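Encoded as structure tokens, the structure appears first; notes follow it.
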Amino acid sequence: MARRLARGSRLVIATHNNGKLREIAELLAPHGIDCVSAGELGLPEPEETADDFLGNARIKATAATRAAGLPALADDSGFSLAALGGAPGVLSARWAGPGKDFTLAMQRVQTELGDTTDRRAWFTAALCLAWPDGETATFLGRVEGAAVWPPRGERGFGYDPMFVPIGGHQTYGEIEPAAKHASSHRARAFAQLVKACF
4 MARRLARGSR LVIATHNNGK LREIAELLAP HGIDCVSAGE LGLPEPEETA
54 DDFLGNARIK ATAATRAAGL PALADDSGFS LAALGGAPGV LSARWAGPGK
104 DFTLAMQRVQ TELGDTTDRR AWFTAALCLA WPDGETATFL GRVEGAAVWP
154 PRGERGFGYD PMFVPIGGHQ TYGEIEPAAK HASSHRARAF AQLVKACF
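Letter by letter, the sequence shown follows residues 4 to 201 of my numbering.
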């Protein structure tokens with residue numbers, strides 16, 4: 004059984020991505036957790052050298068918990084396309100370049116897809132909750148859908164404007180944040196985290 008966080012606990016969110024931080028903080032808000040980001044604490048971003056989402060989430064969470072001496076939660080997530088063999092996948096952020104330009108990243112996806120009619124796509128989110136003594140707990144969520152072009156909507160972040168979940172008509176860039184939080188890859192991983200650790 005995973006260790007639990009009590010209401011009022013302080014938790015480091017191991018990210019420097021403001022969009023991801025906002026989404027995670029909103030998901031944690033009902034649980035009374037006092038969140039502080041790795042960026043606010045001036046913690047460095049560790050190199051993500053794992054070949055899967057869970058490995059990279061573990062790298063980020065353990066680096067943050069060691070540096071801050073507090074429990075830390077890290078997310079590693081990405082956008083994958085069947086026609087590209089799962090790419091960009093764990094390299095999703097790198098496709099955006101050093102300036103984290105996701106307009107550029109979405110254009111690259113479209114260019115690499117070319118004329119293919121296979122638009123199957125999915126988002127994956129891996130969460131790792133790490134403790135200063137080395138204990139970790141990991142959770143994985145995934146949502147299926149399709150890639151669209153051109154991108155639509157100003158909400159969300161990353162590849163959200165080019166992804167429509169199965170059964171939906173709007174992209175993650177168009178839907179209300181509350182609707183995304185109810186069904187996204189990150190929400191699915193969070194549901195497992197909450198059940199195990201809150």
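The beta-carbon is built from N, C-alpha and C at its ideal position, and this holds for glycine as well. From a predicted model like this one, the values you see are computed outputs, not experimental measurements.
Cβ contact check for the stretch 91–98 and the stretch 41–50: 3 or more pairs under 8 angstroms: no
Per DSSP, cross-strand counterpart(s) of D55: To locate residue 55, count along the sequence shown from 1; it is residue 52. DSSP output for D55 lists no bridge partner at all.
Beta-carbon proximity list for A108, same chain, < 6 angstroms, skipping 5 on both sides: The count along the sequence shown starts at 1 and reaches residue 108 at position 105. Contacts found: W98 and A99.
Burial state of P168 (16 or more Cβ within 10 Å): On the sequence shown, position 165 is the one that residue 168 refers to. With 16 or more Cβ atoms within 10 Å of its Cβ, P168 is classed as buried.
Contacting residues, own chain, Cβ-Cβ under 6 angstroms from R111 (five flanking each side not counted): Position 108 of the sequence shown, counting from 1, holds the residue named residue 111. Within the same chain, R111 has close Cβ partners W98.
Burial state of W152 (16 or more Cβ within 10 Å): Taking the first residue of the sequence shown as position 1, residue 152 is located at position 149. So W152 counts as exposed.
Contact set for A71: own chain, Cβ-Cβ below 7 angstroms, skip 5 residues either direction: Residue 71 sits at position 68 when you count from the first residue of the sequence shown. If we look at A71 and ignore the five residues flanking it on each side, its Cβ neighbours are V15, L44 and L46.
Where the alpha helix (DSSP H) through I27 begins and ends: Position 24 of the sequence shown, counted from the start, is the residue given in the question as residue 27. Element bounds for I27: N21 to L31.
For L196, the three-state DSSP class (helix, strand or coil): By one-based count along the sequence shown, residue 196 stands at place 193. Here L196 sits in helix by DSSP.
Collapsed DSSP secondary structure at A77 in the structure displayed: On the sequence shown, residue 77 is found 74 positions in, with the first residue counted as 1. Three-state DSSP puts A77 in a strand.
Beta carbon proximity, K23 to chain B, threshold 7 angstroms: Judged by its chain identifiers, the structure shown contains no chain B, having just a single protein chain.
Limits of the unbroken alpha helix (DSSP H) element including F160: Start at 1 with the first residue of the sequence shown, and residue 160 comes out as number 157. Element bounds for F160: n/a, residue is neither H nor E.
Other residues of its chain near L57: CB distance less than 8 angstroms, five sequence neighbours each side excluded: In the sequence shown, residue 57 corresponds to position 54, counting from 1. If we look at L57 and ignore the five residues flanking it on each side, its Cβ neighbours are D79, A129, C131, T141 and L143.
Local Cβ density within 10 Å of D104, reported as buried at 16 or more and exposed below that: Here residue 104 refers to the residue found at position 101 of the sequence shown. D104 is exposed by the Cβ-count criterion.
Cβ pair A41, A60 closer than 7 angstroms: In the sequence shown, the residue the question calls residue 41 occupies position 38. In the sequence shown, the residue the question calls residue 60 occupies position 57. No. Outside cutoff.
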